[in-house]
Every structure is written in C-alpha cells, then in structure tokens.
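Undergrad: Quick one: the structure is below, questions incoming.
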Amino acid sequence: MNVDEEVATAKKVAPPEPKYKHWLFGSGYAMRNNAHLEVVRLVEECGEIFTLTLPFTRIVVAAKPEYARHVLVENNKNYRKSLAYDMLKILLGNGLLTSEGDFWRKQRRLIQPAFSKQKLAALTAMMVNRSQMEAERIVGLAKTGEYFDVTNDMTALTLDIISEAIFSSGIDGQEDFVAKQITLLNQMATEKLNAPIRLPQNLPTPFNMKEKRVVKSLDDVIYSIINKRRKEGVSKNDLLSMLLDVRDEDTGEAMDNQQLRDEVMTIFIAGNETTANAMSWILYLLSQNPEQEALMMKEIDEKLDAGVELTFENIMQFQYVRMVIDESLRLFPPAWMVGRRNYEDDEIGGYHIQKGTNVLMPIWYFHRSEKFWDEPLKFKPERFAPEKRNQIDRFVYFPFGGGPRLCIGNNFALLEMQIILISLYRKFRFELKPGFMVEPEPLITLRPKYGMVMKAVER
Ligand code: HEM
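Counted the way this note's numbering counts, the sequence shown spans residues 1 to 459.
Right, here's the structure in full:
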C-alpha cells in the first residue's frame, strides 16, 4: 500500500455506534432481549447504518433497501453467511442453508428441480389431503369450544406435510417428539448467539452436551428413514429419492450419507419451523381483523361453491387468501433478520466495513417502518393487490430473503399456507382466548413466545 492509500484507508470511518455501551460486553449487549424492537430503536438513534460491538464480534446493522441489495445481490460474492448460521451448523451441517461458495452452488443446482412447478403441482393433492384431515380433527375441538394452542397444531401439520414431501411417509408417529426437539434447538441456538462470551462448540460443557444429545435424537430419526429407503432400494416420487438418485455433474458420484443427512435435515427444519410460525401469526392477525377475515372467507366460499377445485393451477385464483398471507409475512416475518459476513473490506453508505463484519439486515424493521409503508402497523392485505404488488421494492419487503440465496422453498411455503387457510376457513374461524398475551420472541425464527391459544368456531 502506498502512502496515499494508507492515508485514505486511515480516513475510512466505520458506521456510528450507539451512545450506550456495556462496560464489558459493548453496545451489542442491548440486543440480548427483544432484539427485533431494540433494532428499531437503534435505527432511530443512530440512523440507517450503525455499528454494534460485542467481544470478538463486529456487527453492522444495515437498514436501508439499497444496503440490503448491495450485500445480498450486487456484492454477494464478497459475503458469506453471518455468525448466527454458525450456531445452526451443529444441526444442519453443510446443508443448503449453511454451506458456501462453489459447494453451495452445486448443491443448489442439484436440489432446485425438487421445487419446480411440476414437483409442486404433484405435491398439491397431498397438501390438500393433509390440511383437510387437520380440519376434520379440529371439528371435535370446535364442538366442545375448548381453547388450544394453534402453534402446536400448525407445527404438527407442517411437519406432516414436509415429511410427506421428503419421505412420502410420516415420521413414524414421532411428530410431537420431533417438534419439541426443534423448538428446543431454536431456543438453544439463540441462547448461544446472545451469550456475551461464546465458548467453542466442542468443549464438553453441560450446554454443548445437551445440544449434541438433542441433535443426535433427530439424527436417529432421519438416518433410520434413509437407511430403510436404501435397503428397500425402491425409488419413490419424493425428495429423498431424488437426492439419492442425483449424481455430481463432474465426478458422477452420489451424495454420501452425511451430505444426504445434512440436506434432508435442512429442508426438514427450514420447511417446518418457519411455515408453522407464519401460520400461527396469520390465524392471530385474522382473529384481530374481522373485516379482512370476512373478505377472505367470502372469497373462499364463492370459489369453492362455484366448484373450483384445489389444484395447483386453481390456487392462484384465491387472490385475497394470498394477499392475507403476504401481509401477515410483512407484519410477522418468521425470518426477522438475515445476516452476512464479508470476506474482504467493503464500503456501504460511504462507511468502511472491515472484513469479517457481520452485516445484519433487519427484515422486521424494513417491513414495519413508516418510511416505506402507509399506516405500517395496520393489517391491510390490500397493499398486496396484484396491481400494487409489483410497485413494492424487493428490498423493502423480503420475507424470503433475496439474491442467489433466496429461500428455495418460498413457492412450496406459499402454496402450503394457501391450502391450509382455505381448508380451515371453509369450516371455522379462530378466536383468541380473551386476555391471552401474544408476544413475538425473536429466536432464529420469530415465534409466538407463549404460543397462540385460540378456539375454533364453526361457521
Ligand atoms: C413462511 C415460510 C418460510 C420463510 C419465511 C422462509 C424464509 C427464508 C429466508 C429468509 C431464507 C434466506 C436466508 C438467508 O438469506 O440467509 C431462506 C432460505 C432457505 N429456505 Fe426458507 N422460508 C420458508 C419456508 C421454507 C420451506 C417450506 C422450505 C423447504 C421446503 C425452505 C427451505 C429453505 C432453504 C433450503 C433455504 C436455503 C437456501 C439457500 O441458501 O440456497 N424454506 N428461507
């Protein structure tokens, strides 16, 4: 570096830091509780880009659409996944969500066809069948008028659907067990992330040992299904068979057992947790907004009464249902934050971003800021009417992320949620238990902290 360059580098300034700093743990310590709300407060205090410090960790929050576009699209080659994803690696290994570079690119190309239109069309009947079975189950609860936690039901249903899509069979009656383990791991990953000092994952601390046990219990479930399938040697029309059958473009080799496990586990977890949380928030928002709920039920009744069948092609006709989903993902985005780390120094908004910085993009803030939305806290599905939807900036509203690492399951999730909503609201509406406290908890995904206790009311 010549003298001029050195002077220029020395002048490069990092984004500003908030006033309050914990004497030992730094300014990032403020994010340990209710980080989704804290981030909004910090944007007000510091502006659209600011630094947070933590021991051994550099964080920059980038809360402007052009910054998100820069990181996720324009300069994405300079960025890998952020620290939060390291916490997930113990569970997801080197699967699609957590892998990087050429390896990720190759895996994405191999797996993408499993989410094609034809594949989704082939899954539609199964999704309808499973959702209608769930509706039948709820009939009993509606008759007695008892309150129940819909979060559990939505978790079981989305787990059932994703298991069918991957394994074309359930998970041998272990749904409840698996759901509990996933929630536990979500809590543990967040606890690790928020700990002021992170110990290496391979130290045999009680926390690490417990986490390993939980992961092992899920591994046992997945491996037993993979091994059974290998033994049967029969190819089925599901994701597992597809992954067993694909061959490396260069070497012609099949995926080894470890990689197969990582990809299956990733899709299994990513395809369940996010969608189940989204569904709970949708039922909540509809219960609080009777006018929009009525409009949605009217659409469902009119279409179904006119004989529209729930096929892949017809689902698009339920426009208002889709608008309700889009608006709910705006107000309660299950992936409330995405983050990346830069390989090389970068510049964002005129500020210097030193290499190795975790650049966080707070989706929750983008989705709820008055800067981008009129009456942002109001539930208004009309914002997403087809003629208006295209006018929304891709990086003001991005519940499924953006750029090359966009959610591979976005259309799967949208189809699934539309089918579940249509199947349930054909028969019931849901009412929140009076006085029940609803609070978002920003774990790796945004979930209702105390669940969502509601009752189904027959229509
Ligand atoms: C409402 C439901 C869902 C939401 C909000 C959601 C959100 C997201 C987001 C924001 C990302 C990008 C993360 C990043 O950029 O760091 C992502 C990635 C991913 N999602 Fe989803 N997702 C949902 C449903 C699903 C479903 C149903 C599946 C599978 C069936 C799935 C599988 C994945 C995978 C494998 C990735 C990693 C893709 C890659 O990096 O190539 N997701 N998801």
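Each residue gets a CB set at the ideal place from its N, CA and C atoms; glycine is no exception.
Could you tell me the alpha carbon to alpha carbon distance between glycine 271 and aspartate 153, rounded to whole angstroms?
TA: Start at 1 with the first residue of the sequence shown, and residue 271 comes out as number 271. Start at 1 with the first residue of the sequence shown, and residue 153 comes out as number 153. So the two alpha carbons sit approximately 15 Å from each other.
Undergrad: Excluding the 5 residues flanking asparagine 289 on each side, which residues of the same chain have their C-beta closer than 6 Å to its C-beta?
TA: What you label residue 289 is simply residue 289 of the sequence shown in a count that begins at 1. Counting only Cβ-Cβ distances below 6 Å, and skipping sequence neighbours, we find Phe379.
Undergrad: Our contact map puts threonine 266 next to alanine 413 with C-beta atoms below 8 Å; I'd like the distance itself, whole angstroms only.
TA: Taking the sequence shown and counting its residues from 1, one reaches residue 266 at position 266. Taking the sequence shown and counting its residues from 1, one reaches residue 413 at position 413. So it is not a contact: roughly 14 Å between Cβ atoms.
Undergrad: Can you tell me the Cβ-Cβ gap for tyrosine 79 and arginine 340, rounded? I've got them flagged as a contact below 8 Å.
TA: For this step, residue 79 is matched to residue 79 along the sequence shown. For this step, residue 340 is matched to residue 340 along the sequence shown. Right, the Cβ-Cβ distance comes to about 4 Å (below 8 Å), so this counts as a contact.
Undergrad: In this structure, how does DSSP classify alanine 8 when only helix, strand and coil are distinguished?
TA: Here residue 8 is taken as the residue at index 8 of the sequence shown, counted from 1. Annotation note: pLDDT 47 at alanine 8 (below 50); position unreliable, no value reported.
Undergrad: Assign tyrosine 450 to one of two classes, buried (16 or more other C-beta atoms within 10 Å of its C-beta) or exposed (fewer than that).
TA: As a first step, residue 450 must be located in the sequence shown, where it is residue number 450. Exposed is the label assigned to tyrosine 450, since fewer than 16 other Cβ atoms lie within 10 Å of its Cβ.
Undergrad: Would the beta-carbon of alanine 456 fall within 8 Å of that of isoleucine 138?
TA: Here residue 456 refers to the residue found at position 456 when the sequence shown is read from its first residue. Here residue 138 refers to the residue found at position 138 when the sequence shown is read from its first residue. For alanine 456 and isoleucine 138, yes; Cβs fall inside 8 Å.
Undergrad: Where does asparagine 358 land, buried or exposed, given buried means 16+ other C-beta within 10 angstroms?
TA: Here residue 358 corresponds to residue number 358 of the sequence shown, with the count starting at 1. With 16 or more Cβ atoms within 10 Å of its Cβ, asparagine 358 is classed as buried.
Undergrad: Got a sec? Which residues, its chain only, sit under 6 Å from histidine 36 by beta carbon, not counting five neighbours each side?
TA: Here residue 36 is taken as the residue at index 36 of the sequence shown, counted from 1. Hits under 6 Å: Trp336, Trp364, Pro442.
Undergrad: Please confirm whether any heavy atom of the ligand HEM lies closer than 7 Å to the CB of threonine 190.
TA: For the purposes of this step, residue 190 is taken as residue 190 along the sequence shown, with counting starting at 1. No, since every heavy atom of the ligand HEM falls outside the 7 Å radius drawn around the Cβ of threonine 190.
Undergrad: Grab the span of the beta strand (DSSP E) containing leucine 446 for me, first residue to last.
TA: As a working note, residue 446 is residue 446 in the sequence shown. Per DSSP, leucine 446 belongs to the beta strand (DSSP E) from 446 to 448.
Undergrad: Are there 16 or more other CB atoms within 10 angstroms of the CB of glutamate 293, so buried, or fewer, so exposed?
TA: Mapped onto the sequence shown, residue 293 falls at position 293. Buried, because 16 or more other Cβ atoms sit within 10 Å of the Cβ of glutamate 293.
Undergrad: What residue range is occupied by the uninterrupted alpha helix (DSSP H) comprising glycine 271?
TA: Sequence index remark: in the sequence shown, residue 271 carries index 271 (1-based). Where glycine 271 is concerned, the enclosing alpha helix (DSSP H) stretches over 257 to 288.
Undergrad: What's the gap between the Cα of alanine 121 and the Cα of asparagine 237?
TA: Numbered from 1 along the sequence shown, position 121 holds the residue referred to as residue 121. Numbered from 1 along the sequence shown, position 237 holds the residue referred to as residue 237. Their Cα atoms are separated by approximately 13 Å.
Undergrad: Would you call tyrosine 320 buried or exposed, if buried means 16 or more other Cβ atoms sit within 10 Å of its Cβ?
TA: For the purposes of this step, residue 320 is identified with residue 320 of the sequence shown, where counting begins at 1. So tyrosine 320 counts as buried.
Undergrad: Residues bridged to methionine 454 by DSSP?
TA: Position 454 of the sequence shown, counted from the first residue, corresponds to residue 454. Among the bridge pairs identified by DSSP, methionine 454 is matched with Phe148, Leu432.
Undergrad: Given 7 Å as the limit, tell me if lysine 81 has its C-beta closer than that to any heavy atom belonging to the ligand HEM.
TA: The sequence position of residue 81 within the sequence shown is 81, counting from 1. Yes, Cβ of lysine 81 sits closer than 7 Å to a heavy atom of the ligand HEM.
Undergrad: Nearest-angstrom Cα distance between isoleucine 225 and valine 453?
TA: Within the sequence shown, numbered from 1, the residue matching residue 225 stands at position 225. Within the sequence shown, numbered from 1, the residue matching residue 453 stands at position 453. Approximately 33 Å, taken between the alpha carbons.
Undergrad: Which whole runs of the alpha helix (DSSP H) in the stretch 280 to 355 are 4 residues long or more, in chain order?
TA: 290 to 305, 312 to 315, 319 to 331
Undergrad: Going straight from the alpha carbon of asparagine 76 to that of aspartate 305, what length do you get?
TA: Taking the first residue of the sequence shown as 1, we reach residue 76 at position 76. Taking the first residue of the sequence shown as 1, we reach residue 305 at position 305. The alpha-carbon atoms of asparagine 76 and aspartate 305 are separated by roughly 48 Å.
Undergrad: Name, in chain order, the residues that DSSP records as bridge partners for asparagine 358.
TA: What you label residue 358 is simply residue 358 of the sequence shown in a count that begins at 1. The partner list for asparagine 358 (beta bridge, DSSP) reads Ile59, Arg341.
Undergrad: Within the same chain, show all residues whose beta-carbon is closer than 8 Å to that of glutamate 100, passing over the 5 residues directly before and after it, in chain order.
TA: Here residue 100 refers to the residue found at position 100 when the sequence shown is read from its first residue. Same-chain partners within the cutoff: Arg80, Lys81.
Undergrad: Please say whether phenylalanine 332 and valine 243 have beta carbons closer to each other than 8 Å?
TA: Position 243 of the sequence shown, counted from the start, is the residue given in the question as residue 243. Position 332 of the sequence shown, counted from the start, is the residue given in the question as residue 332. Here residue 243 turns out to be leucine, not valine, going by the sequence shown. The Cβ-Cβ distance between leucine 243 and phenylalanine 332 does not fall below 8 Å.
Undergrad: Residues in the same chain with beta-carbon distance under 7 Å from alanine 135, minus the five sequence neighbours each way, listed in chain order, please.
TA: Against the sequence shown, residue 135 aligns to sequence position 135. Ser423, Leu424, Lys427, listed in sequence order.
Undergrad: What number of angstroms, rounded off, separates the C-alpha of glutamate 431 from the C-alpha of glutamate 416?
TA: Within the sequence shown, the letter at position 431 stands for residue 431. Within the sequence shown, the letter at position 416 stands for residue 416. So the alpha carbons of these two residues sit roughly 22 Å apart.
Undergrad: Should glutamate 249 be labelled buried (16 or more other beta-carbon atoms within 10 Å of its own) or exposed?
TA: Counted from its first residue, the sequence shown places residue 249 at position 249. Its Cβ having fewer than 16 others within 10 Å, glutamate 249 is exposed.
Undergrad: Classify tryptophan 104: buried if its beta carbon has 16 or more other beta carbons within 10 angstroms, exposed otherwise.
TA: Stepping through the sequence shown from its first residue, residue 104 is reached at position 104. By the neighbour-count rule (16 or more Cβ atoms within 10 Å), tryptophan 104 is buried.
Undergrad: I'd like the span of the alpha helix (DSSP H) that includes leucine 88, first residue to last.
TA: Numbered from its first residue, the sequence shown carries residue 88 at position 88. Note, leucine 88: alpha helix (DSSP H), 83 to 92.
Undergrad: Please report the residue range of the alpha helix (DSSP H) in which leucine 185 lies.
TA: One-based indexing of the sequence shown puts residue 185 at position 185. Unbroken alpha helix (DSSP H) run through leucine 185: 175 to 194.
Undergrad: Label asparagine 390 either buried or exposed according to how many other C-beta atoms from any shown protein chain fall within 10 Å of its C-beta, with 16 as the threshold for buried.
TA: Numbered from its first residue, the sequence shown carries residue 390 at position 390. Its Cβ having fewer than 16 others within 10 Å, asparagine 390 is exposed.
Undergrad: So the beta strand (DSSP E) leucine 239 belongs to, where does it begin and stop?
TA: As a working note, residue 239 is residue 239 in the sequence shown. Here leucine 239 belongs to no beta strand (DSSP E); instead the alpha helix (DSSP H) covers 239 to 245.
Undergrad: Pull up the distance between the alpha-carbon of aspartate 245 and that of glutamate 347, whole angstroms please.
TA: Taking the sequence shown and counting its residues from 1, the one referred to as residue 245 is at position 245. Taking the sequence shown and counting its residues from 1, the one referred to as residue 347 is at position 347. If you take the alpha carbons of aspartate 245 and glutamate 347, they lie about 44 Å apart.
Undergrad: With a CB to CB cut of under 6 Å and the five nearest residues on each side skipped, what residues in its chain are close to glutamate 5?
TA: By 1-based counting over the sequence shown, the position of residue 5 is 5. Low per-residue confidence applies at glutamate 5: pLDDT is 47, beneath 50, and the placement is therefore not dependable, though the value from the model is reported in the following sentence. Taken in chain order, the list of residues that qualify is empty.
Undergrad: Just mark lysine 64 as buried or exposed, buried being the case when its beta carbon has 16 or more other beta carbons within 10 Å.
TA: For the purposes of this step, residue 64 is taken as the residue at position 64 of the sequence shown. With 16 or more neighbouring CB atoms inside 10 Å of its own CB, lysine 64 falls in the buried class.
Undergrad: Is threonine 53 helix, strand or coil by DSSP?
TA: Counting from 1 along the sequence shown, the entry for residue 53 is found at position 53. Strand.
Undergrad: Alpha carbon to alpha carbon, how far is asparagine 202 from asparagine 208? Give it in angstroms, no decimals.
TA: Along the sequence shown, read from residue 1 onward, the residue named residue 208 stands at position 208. Along the sequence shown, read from residue 1 onward, the residue named residue 202 stands at position 202. If I take the Cα positions, the gap works out to 7 Å.
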